[in-house]
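A.B. asks: Per my numbering, the sequence shown starts with residue 252, numbered consecutively.
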Amino acid sequence: MAISVQQAVRNAVAAERAAAQFYRALAALDLEPEVQAFFLDMAKQEDQHAQSIEQGGKRLVGGELPERADMAVESVETAPEWLVADTISKDNALKIARDNEIKASLFYDALADFCPEPEAEFFRQLANTELEHAKRLEQVEL
252 MAISVQQAVR NAVAAERAAA QFYRALAALD LEPEVQAFFL DMAKQEDQHA
302 QSIEQGGKRL VGGELPERAD MAVESVETAP EWLVADTISK DNALKIARDN
352 EIKASLFYDA LADFCPEPEA EFFRQLANTE LEHAKRLEQV EL
């Protein structure tokens, strides 16, 4: 599969935006206030990460990005099966977020494999950032 660096960046941005939407949808469930607040904060972080990736990606490619993702990225950093849960415990909320960060890291590592250097390094850095997010989530207590 051939993918341009521009398209890979757009796909990454779309994955982060999908993650933000996912966390907002979880926050809308009938959950404990602390869990809802946690998911809303995760949504905000994902929105910020999408914006950061888009800005950094435009600098990387020296111009604009494609208008939309060219692949389904909605499940890269989400766990849609939780959208039908009756309730989500605090421990499960943290596990969902941690697992999603790890999945995102794997996605960015895969994008790095399809890009030449130095662009591949951009995606490896994103992968490392996601792993750092996962490690930080291991320290969080709700």
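We put the beta carbon where it would ideally sit given N, CA and C, even for glycine.
Just tell me which of 301, 376, 338 has its CA closest to the CA of residue 281.
C.D. replies: On the sequence shown, position 30 is the one that residue 281 refers to. Selected option, being the one with the closest Cα: 338.
A.B. asks: Nearest to residue 334 by alpha carbon, out of 290, 259, 257?
C.D. replies: Counted from its first residue, the sequence shown places residue 334 at position 83. The shortest Cα separation from residue 334 among 290, 259, 257 belongs to 290.
A.B. asks: Suppose only complete runs of 4+ residues qualify. What are the alpha helix (DSSP H) ranges in the region 285-371, listed by chain order?
C.D. replies: 341-364
A.B. asks: Can you find the residues in the same chain that come closer than 6 angstroms, C-beta to C-beta, to residue 385, ignoring five residues on each side of it along the sequence?
C.D. replies: Taking the first residue of the sequence shown as 1, we reach residue 385 at position 134. Closer than 6 angstroms at the Cβ level, and outside the excluded window around residue 385, lie 349, 352, 353.
A.B. asks: With a CB to CB cut of under 6 angstroms and the five nearest residues on each side skipped, what residues in its chain are close to residue 279?
C.D. replies: Translated into the one-based positions of the sequence shown, residue 279 becomes position 28. Closer than 6 angstroms at Cβ, skipping near neighbours: no residue.
A.B. asks: Just to confirm my understanding: we take residue 287, look at its own chain, exclude 5 residues before and 5 after, and list those with CB closer than 6 angstroms. What are they?
C.D. replies: Against the sequence shown, residue 287 aligns to sequence position 36. The residues are 278.
A.B. asks: For residue 267, name the three-state secondary structure that DSSP assigns.
C.D. replies: As a working mapping, residue 267 is identified with position 16 in the sequence shown. Helix at residue 267.
A.B. asks: Measure from the alpha carbon of residue 312 to the alpha carbon of each residue in 321, 270, 322, 260, then state which is nearest.
C.D. replies: What you label residue 312 is simply residue 61 of the sequence shown in a count that begins at 1. For residue 312, the nearest C-alpha among the options comes from 260.
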